[in-house]
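Numbering (mature numbering (1 follows the signal peptide of the UniProt record, and there is no 0)), first residue to last: -19 to -1, 1 to 281.
Read the structure below first, then the notes.
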Amino acid sequence: MLKKTLAAFILACSLPLQAQDFSGVQIESVRISDNFYVLYGAGGNIGVFAGEDGLIMIDSQYAALSERITDAIERISGDPIKFIINTHWHSDHTGGNANFSADGAVIVAHEYVKRRMSMEVFLPLYNNRTMPSPIGALPTVTFMQNISFHSGNETLTAIHVPNAHTDTDAFVHFGNANIIHMGDLLWTGSYPRIDAQHGGGSVEGVIKGLEQALELADGDTQFISGHGAIPEKGTAYVENYRAMLRTISNRVSNMIAEGMSQQQIIAARPTADFDADFLGDNAYIDAEMFTRIVYISLTQ
């Protein structure tokens, strides 16, 4: 059972950046705990932690929405944004970086986020080309394994997960609040996009990332997905999501071992019994594309 159903941002994310019209996008704020909020708009779900000495924001959505995001944050707190932690390099999570860094926020991310954002990247699986980001959008503090922040009685840690959704991923664990912002390691209501071809991502890496996060979780943990609605508290949704990925991956792996081609595997519909849960109004990709992603991930 999901708390909210959000579809508009999925449509926005599915279009090339130059084709997107953000004029009708509104930023919605949802309070998760005394000092943690999630902002919905177009792009990745933003986390906002209101610490004792300033705000820490997780991801920044698109540049065109920065003013509206700022307005929403000012209704939460008048304190400045001290840090932005990027969960990975994609522009729907990093597009606002330059605007917020110009106002004094320090951008923090895995070292490979800076590398990817600094170059032209072409992902043939999605026929998507991303140009280098401006200097002001790049992280100025980077890490390779993890990095921790301490604010009052809260310690939050960004933890790198290699070769997962991309090769740049990190999830953010709030130890005292018992909140884990997963970035695009977790989607609700949709099969995940994974940069499996020339992007460093893999289905197996996503599964390992979910398992790593589950080791930090209990029945009261609030997971925040990178896209889609907020799951109910606890580990059930993440465990079911992991099981879906593992089952489909195993099916495709077995079909590959039997000598089936990519098109034959797509025609066999290895996702069929999961489609009702992951091809709803919030679906970002269809079953054929996800099957293709899994096939490429297992054969690259």
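Ideal Cβ placement from N, Cα and C applies to all residues, glycine included.
* **N- and C-terminal bounds of the alpha helix (DSSP H) containing Ser230** => Judged by DSSP secondary structure, Ser230 falls within the alpha helix (DSSP H) whose first and last residues are 217 to 238.
- Determine whether the Cβ of Ser230 lies closer than 8 angstroms to any Cβ atom of chain C. Absent here is chain C; the protein component of the structure consists of one chain.
Sort Pro173, Gly181, Ile188 by Cα distance to Ala268 and report the nearest one.
-> Closest by alpha carbon: Pro173.
Check your understanding: How big is the Cα-Cα spacing for Gly32 and Glu239?
Key -> So the alpha carbons of these two residues sit roughly 54 angstroms apart.
query = Considering only the beta carbon of each residue, do Gln1 and Leu106 sit closer than 8 angstroms?
reply = For Gln1 and Leu106, no; Cβs fall outside 8 angstroms.
Original post:
So what's Gln126 in DSSP terms, helix, strand or just coil?
Top reply: Coil, per DSSP.
Mind checking Ile211: buried by the 16 CB within 10 Å criterion, or exposed?
-> Buried, by the Cβ-count rule.
ask   = How many angstroms separate the CA atom of Phe255 from the CA atom of Ala145?
value = So the alpha carbons of these two residues sit roughly 21 angstroms apart.
ask   = According to DSSP, which residues form a beta bridge with His141?
value = Bridge partners of His141: Ala151.
| said: Please report the straight-line C-alpha distance between Gln203 and Ala158, rounded to a whole angstrom. | reply: Answer to the nearest angstrom: the Cα atoms are 9 angstroms apart.
task = Report yes if the CB atom of Lys63 is closer than 8 angstroms to the CB atom of Val94, and no otherwise.
result = Contact flag unset, no.
field: Member of Ala264, Thr252, Ser82 whose CA lies at the smallest distance from the CA of Tyr276
entry: The option with the nearest alpha carbon to Tyr276 is Thr252.
Here's a check: name, in chain order, each residue in its chain whose Cβ is nearer than 7 angstroms to the Cβ of Ala53, leaving out the five neighbours to either side. The beta carbon of Ala53 lies closer than 7 angstroms to those of Ile8, Ser10, Leu20 in the same chain, with the five residues before and after it left out.
Next on the checklist: Among the candidates Asp201, Met98, Pro143, Ala248, whose CA atom is the shortest distance from the CA of Trp70?
Outcome noted: Nearest of Asp201, Met98, Pro143, Ala248 to Trp70, Cα basis: Met98.
Exercise. Excluding the 5 residues preceding and the 5 following Arg227 in the sequence, name in chain order all residues of the same chain whose CB lies nearer than 8 angstroms to its CB.
Key: Excluding sequence positions up to five before and after Arg227, its CB lies within less than 8 angstroms of the CB of Ile188, all in the same chain and listed in chain order.
Under 8 angstroms, with one C-beta from each stretch per pair, do the stretch 126 to 133 and the stretch 163 to 172 reach the 3-pair mark? Output reads no: the stretch 163 to 172 does not touch the stretch 126 to 133.
Own chain partners of Ile13 with C-beta closer than 7 angstroms, once the 5 adjacent residues on each side are dropped: These residues qualify, in order along the chain: Val19, Ile160, Gln203.
| Thinking C-alpha only, which one of Asp262, Gly77, Val219 is nearest Ser114? | Ser114 has its Cα closest to that of Gly77, out of Asp262, Gly77, Val219.
So the candidates are Asp150, Ser242, Asn109, Ala224; which of them puts its Cα closest to the Cα of Asp258? Closest by alpha carbon: Ala224.
Please classify Ala44: is it buried, with 16 or more other beta-carbons within 10 angstroms of its beta-carbon, or exposed? In the assembly as shown, Ala44 is a buried residue. Its beta-carbon has 16 or more other beta-carbons within 10 Å.
Using the beta-carbon count (16 or more within 10 Å), is Arg250 buried or exposed?
Result: exposed.
query: Which residues in the same chain as Gly186 place their Cβ atom closer than 7 angstroms to its Cβ, once the five residues preceding and following it in sequence are excluded?
result: Excluding residues within five positions, the ones whose Cβ falls inside 7 angstroms are Val142, Pro143, Asn144, Ala145.
Does DSSP put Phe81 in a helix, a strand or coil? Note: Phe81 maps to helix in three-state DSSP.
**Asked** Between the beta-carbon of Ser278 and the beta-carbon of Val184, is there less than 8 angstroms?
**Response** Contact flag set, yes.
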